[in-house]
Ligand SMILES: Nc1ncnc2c1ncn2[C@@H]1O[C@H](COP(=O)(O)OP(=O)(O)O)[C@@H](O)[C@H]1O
Ligand SMILES: [Mg+2]
């Protein structure tokens with residue numbers, strides 16, 4: 001009896017395989033015409049495909065000419081539209097061609113799943129008409145996104161507070177910066193709302209409410225040294241950013257020296273986002289191996305998912321002096337059996353000047369043995385060579401950075417860990 005079981009299972013397996021292959025063949029056959037059309041046609045010149053017809057309920061129009069001219073095209077497999085069912089994230093790899101400069105890789109993002117995008121249409125309609133379906137453009141003018149008319153001078157905290165992580169606790173200085181650096185307008189550079197068109201103001205607010213990532217990239221641009229992908233432009237509900245490189249996850253099994261270098265850079269990012277000349281603290285609330293990428297040439301680590309970045313204005317906190325504002329805040333480690341979880345208190349991030357959140361997030365979710373991702377445990381600094389591992393110093397620093405035993409232990413451990421990794425990468429060269 002027992003001997004027959006593997007035989008039977010083998011047959012079932014072969015049968016399933018056959019059904020799968022036949023199924024795939026049928027799907028391919030049924031899609032032949034779209035398949036051929038996909039290869040011939042550049043969908044990115046199609047206004048409906050990029051949802052340009054939904055503007056101003058969209059993210060911008062600055063790159064529309066490039067899209068319509070056919071300068072932006074999907075990379076080979078990305079052209080096959082029927083594969084979109086697997087692309088839940090709505091992130092596409094593409095090429096952008098500049099007449100004299102040749103082509104370069106870019107990433108196109110719809111900033112949400114199809115369901116999330118449909119939900120926002122429904123919400124706009126419900127707000128304006130009470131019904132889930134309506135003329136979206138007309139409805140936009142009846143929502144809070146149209147609230148800021150020509151008479152309002154500034155985008156003020158009371159209008160947008162809490163709409164998304166970027167503006168969970170916004171200061172006037174932050175909002176002025178967001179408006180001044182808003183690139184989806186012809187003459188950006190002014191923090192006065194009157195210099196934006198009605199439609200541009202609506203697009204700005206819509207982006208702020210739905211997914212503020214483009215605004216994070218524009219307000220804290222890579223050209224000025226911020227560790228984010230470069231924002232290029234938008235057309236309809238598609239946003240274009242520079243392609244950075246492979247995900248950090250692809251380096252999980254890289255040689256030790258490479259991993260030390262990446263770990264050091266990650267801690268540098270934590271430091272830069274926490275302490276900088278601008279007195280803005282940018283706290284990363286979604287830290288995982290696929291939200292960072294590594295440049296192929298310079299080996300630089302960059303944050304590629306900036307949707308969940310909470311920005312606190314440390315100048316405002318120092319000015320308002322909420323209770324305990326100058327007491328250092330230590331994030332609390334919490335057991336969690338899921339991947340890439342983090343514990344944080346947005347209220348604390350917004351009301352304290354000195355917070356160790358970014359160190360905690362990077363140590364716990366990327367570097368230490370607590371970092372679990374796609375079934376692997378051990379973190380980026382797993383399996384150090386014997387000469388590094390034997391004295392237990394690295395383990396001790398990582399442990400202290402995740403679960404500090406001493407008061408303010410994480411601040412000290414993170415600092416020491418950065419130094420230690422610098423030394424290690426120095427000796428490796
Ligand atoms: N600028 C970029 N360069 C390279 N890869 C990117 C870039 N932006 C996104 N990606 C890839 O696409 C994936 C999904 O993008 P992301 O913005 O994280 O979407 P989501 O918000 O749905 O998690 C990322 O994990 C990364 O692998
Ligand atoms: Mg992501």
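Numbering (full-length UniProt numbering), first residue to last: 1 to 429.
Backbone N, C-alpha and C define an ideal beta-carbon position, used for all residues, glycine too.
According to the DSSP assignment, residue 320 belongs to the alpha helix (DSSP H) that extends over 314-320. Across the structure, residue 47 and residue 243 are spaced so that their CA atoms are roughly 23 Å apart. Contact check for residue 217 against residue 306 passes: the beta carbons are separated by less than 8 Å.
In this structure, the straight-line span from the alpha carbon of residue 378 to that of residue 197 is close to 51 Å. By the neighbour-count criterion, in which 16 or more other beta carbons inside 10 Å mark a residue as buried, residue 21 falls on the exposed side. In this model, residue 199 and residue 334 are separated by some 44 Å (Cα to Cα).
Under the three-state reduction of DSSP, residue 95 is assigned to strand. Taking a cut-off of 6 Å from the heavy atoms of ligand 2, the residues with a C-beta inside it are 290, 291, 305. Shown here, residue 370 sits in coil according to DSSP, grouped into three states, outside any helix or strand. Counting every other CB atom within 10 Å of its CB across the protein chains shown gives residue 29 a total below 16, marking it as exposed. With a cut-off of 8 Å on Cβ pairs, the stretch 138-152 is not in contact with the stretch 292-312, counting fewer than three such pairs. Residue 50 carries a coil assignment under DSSP once its states are collapsed to helix, strand and coil. The beta carbons of residue 238 and residue 282 sit no closer together than 8 Å.
Collapsing the DSSP output to three states places residue 365 in a helix. Residue 283 is bridged by DSSP to 310. In this structure, residue 243 has its CB closer than 7 Å to one or more heavy atoms of ligand 1.
About 6 Å separates the CB atoms of residue 95 and residue 75; that is less than 8 Å, so the two are in contact.
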